[in-house]
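The block underneath contains the structure these notes are about, expressed in structure tokens.
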């Protein structure tokens, strides 16, 4: 039964959910874009502020678990949600259709992600995952009068439904064999010899989650959806959705020994290598920045899978650090895209040619995009370096030399296109296209971008407090 | 603390340059010049005040040392230390940095502030490389100098042929060095984790890792990781693909930095890290390394003979000269290693001078293609004579520092590897051929166009006289330089020689 203490533990989730209800009622009563954005941002900020309180409470509600992993996930989800909400206001200012519902969808997705990272039961896992995905269909296809956005939405809907079917089938197989849905009980149930049915079920679960993470070969939707979707929606996909799903995958692997069995790990290793190479190679000659980021996210998920494969205490810490550095860099890149685009013209300024010579008329935006790209490439003095450092350290510690080799080669290929983006920003050519930038955007967006830029640098120069925080959480999660 | 400021000041100066652009066109240049002269002055003061015979022993291993914890979670520290070799190389960085600023005084006319920001960031990273003792910190500076160098080539470079060749050259440079850098990161991490499993202490500290007990099968691969990283930067022949293009497309200041300083970081890395960390494996590897060095000497010299572009010719000549350095470093003889250091300094002077001269030539006749030159001796005052001096230095004329360096290298190596020395000596002959070919094709022969061109102004005179003076000074009186580095070189040579004895003792 739920007790009062359990409700304290659920506080962030409850706050976000009630903000969603509040926004819905507000929209029904009277439309006001600025007000809706303000309510959303303050709701998310309040939820973030309640995290320490929630984590201090010794709560154990049914179906959920609030350990270090969940806390880390919640913090990351809320931070990215906050950023996206703050940036959406300026982005949607020029949008001609209804704008307020976007925040409603965003809040629902964040609620789903918060539930997902804390789920301890296949039922909560499934419900939260759907609560995360459903609003995303709407967000991706939000500007449904433009062909690309609609196409992206439908594509995502159909493929995601297929992945869900795989996931459910996998769950059913495991349930049929063990009779449990609770993760810990399930782990005990499958502890014996690996049974083909359970292995099959685990593989199907992996397919379902791999789709959300866009791991090769389940990645085909990624570039189109990244390109077609509205920039804030794509950002949700790239940050909130990926990180929550990845944390759930990590939890499954850490808790259930069936994933530790030889051939399944071998399969994951193969997928990781494929994603590292495939993602980077596909991005090489990409002229569209959003597609390029989509492919690059495939590669990054490939690197991150190393944590799943190696396991052990360092893996949790690595995941936390890598996910956060990846998310910060992604937010920086998409933040610039959102700032430069705006939806006035219907489509985002995602072609690389829009960014040609950006440095010469808005140097700060160009500097942020440069930093984000360097961070994604893992160059020292940016956040991404420590992510890469952790991943390689983990691979070396686990003596997975093939994966380490994959990371090195993948990073080198990756450099090529990150550098291509960077150099474009600084090229000046006669008759150059003037991008629409800095056209009366609010202070909130600028502040959000500044915070992202500063955190990329700060994490690259002095990451100690952050590393200690993550290490503490990882240590707490290990006790479970 | 002064060591930390040595690194920080170029970075701060760079930021200041960027912002000073609004105060006027000249402001960034003066600020950059002042910054580099400051670095030079600090290192000269340290050199004048330092006693270089007293350190290197157990109680006082470094001349100056500074360490604070950085990331305690992994035992990573900001650990900076200075000895004779780093001091010499930092002084060189300051001097060539000032030259790089001076030689772009008229060449770079757009985005001046941002140019000097990148230039100073490269130099700051290089100073960091020469001072860092923590392995991760070293790696960090090693990588930090790449990004601004990339920008220098990509944004202010020359495109030799149609298409974006300068961007391609810059990308190639970045990818080569970054790939090898990642290999080094893997090697560093492997070393750290091996040390961790044997001692239970996780640390990136140089002193601790020197005594790491690495299993034989793994240690060779780790050593190779370090070697490849340094070999790409030096460059050693199979890994040299980035160098000619990067040099040919880079602006003059970029070439001066690349040839004068960046290549030296590789030799420094070998002397400081690759050999002391893995003496036995390095010794086992020495024949291969020396063979690669010989191949580099001959290959670089032969290709230099066939170049049409002046800067490419000098670039290939650099490959040839660095072959001597590689041989010397892996000969394990104290004399040869000392010679390598002299040669590094000498090569920094002579190649920087030749790149600056080709930049000045380009400003006057707007081409670097030697087929379109000829007969310039009569058309430009003074500069052809200076060119002749530095080409003579480059081919190893006695009285110049280059002669001394090459002589010491060959003399020192002869005892351990006579065959290598005999073949390498052939490189000297080839060196004379390409140097004289260049002189002949650029300055002698039939005049392509009539008319007198401008002679050097005060700035150009000053740069050239300083370089000539230093080349002769080191060539005629090398003893101060040798004394400064002796206490760093001796332990390295001893380690190398002691290798087989220790290995034999363990069996």
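Residue numbers (the numbering used here), protein chains in the order written: chain W, 9 to 488; chain V, 32 to 538. Note that the Cβ used here is the ideal one computed from N, Cα and C, for glycine as well.
Query, Result
"Proximity test, Cβ basis, 8 angstroms: residue 331 of chain W and chain V", "no"
"Member of W:85, W:394, W:436 whose CA lies at the smallest distance from the CA of residue 366 of chain W", "W:436"
"Sub-8 angstroms separation of residue 178 of chain V and residue 387 of chain W beta-carbons", "yes"
"8 angstroms Cβ shell around residue 54 of chain V - same chain, five flanking residues per side excluded", "none"
"Sequence-distant residues of its chain with Cβ nearer than 7 angstroms to residue 289 of chain W (five each side left out)", "421"
"CB of residue 402 of chain W within 8 angstroms of CB of residue 323 of chain W, strictly", "yes"
"Three-pair Cβ contact test at 8 angstroms for the region 83-102 of chain W versus the region 339-346 of chain W", "yes"
"Beta-ladder partner(s) of residue 410 of chain W, from DSSP", "According to DSSP, which records beta bridges pairwise, residue 410 of chain W is partnered with nothing at all."
"Three-state secondary structure assigned by DSSP to residue 138 of chain V", "coil"
"Residues from the region 202-235 of chain V in contact with chain W, defined by Cβ distance under 7 angstroms", "202, 205, 206, 209, 210, 213, 214, 216, 217, 220, 221, 224"
"Reference residue 260 of chain W; option with closest CA among W:233, W:203, W:198", "W:198"
"The beta strand (DSSP E) enclosing residue 95 of chain V, as first and last residue numbers", "95-102"
"Exposed unless 16 or more other CB atoms sit within 10 angstroms - verdict on residue 181 of chain V", "buried"
"Neighbour-count burial assignment, residue 62 of chain W, 16 or more Cβ in a 10 Å radius", "buried"
"Straight-line Cα distance separating residue 257 of chain V from residue 343 of chain V", "28 angstroms"
"Contact check, residue 451 of chain V vs residue 321 of chain V, beta carbons under 8 angstroms", "yes"
"Run of the beta strand (DSSP E) containing residue 108 of chain V, from where it starts to where it stops", "107-113"
"contact_flag[the region 228-239 of chain W, the region 297-309 of chain W] where n(CB pairs < 8 angstroms) is 3 or more", "yes"
"As assigned by DSSP and simplified to three states, the class of residue 46 of chain V", "helix"
"Proximity test, Cβ basis, 8 angstroms: residue 471 of chain W and chain V", "yes"
"Within 8 angstroms, strictly: CB atoms of residue 250 of chain V and residue 312 of chain V", "yes"
"Minimum Cβ-Cβ distance from residue 300 of chain W to chain V less than 8 angstroms", "no"
"Residue-chain proximity (residue 99 of chain V, chain W), Cβ-Cβ < 8 angstroms", "no"
"Residues of the region 394-406 of chain W with Cβ closer than 7 angstroms to any Cβ of chain V, in chain order", "400, 401, 404, 405"
"Range covered by the alpha helix (DSSP H) that runs through residue 68 of chain V", "58-80"
"Pair within 8 angstroms by beta-carbon distance, residue 287 of chain V and residue 383 of chain V", "yes"
"Neighbour-count burial assignment, residue 57 of chain W, 16 or more Cβ in a 10 Å radius", "exposed"
"Within chain W, partners of residue 464 of chain V - CB distance below 7 angstroms", "Chain W residues near residue 464 of chain V: none, gap ~37 angstroms exceeds 7 angstroms."
"Residue 472 of chain W versus residue 173 of chain V: straight-line alpha-carbon distance, rounded", "21 angstroms"
"Stretch pair the region 111-128 of chain V + the region 144-163 of chain V: three plus CB contacts closer than 8 angstroms", "yes"
"Extent of the continuous alpha helix (DSSP H) to which residue 178 of chain V belongs", "177-187"
"Residues near residue 335 of chain W by beta carbon distance below 7 angstroms, same chain, minus five either side", "84, 88, 247, 251"
"Range covered by the alpha helix (DSSP H) that runs through residue 284 of chain W", "270-291"
"Exposed unless 16 or more other CB atoms sit within 10 angstroms - verdict on residue 262 of chain V", "buried"
"Same chain, Cβ closer than 6 angstroms to residue 229 of chain V, neighbours up to 5 away in sequence not counted", "244"
"Contained beta strand (DSSP E) runs [length at least 3] in the region 301-348 of chain W, N- to C-terminal order", "none"
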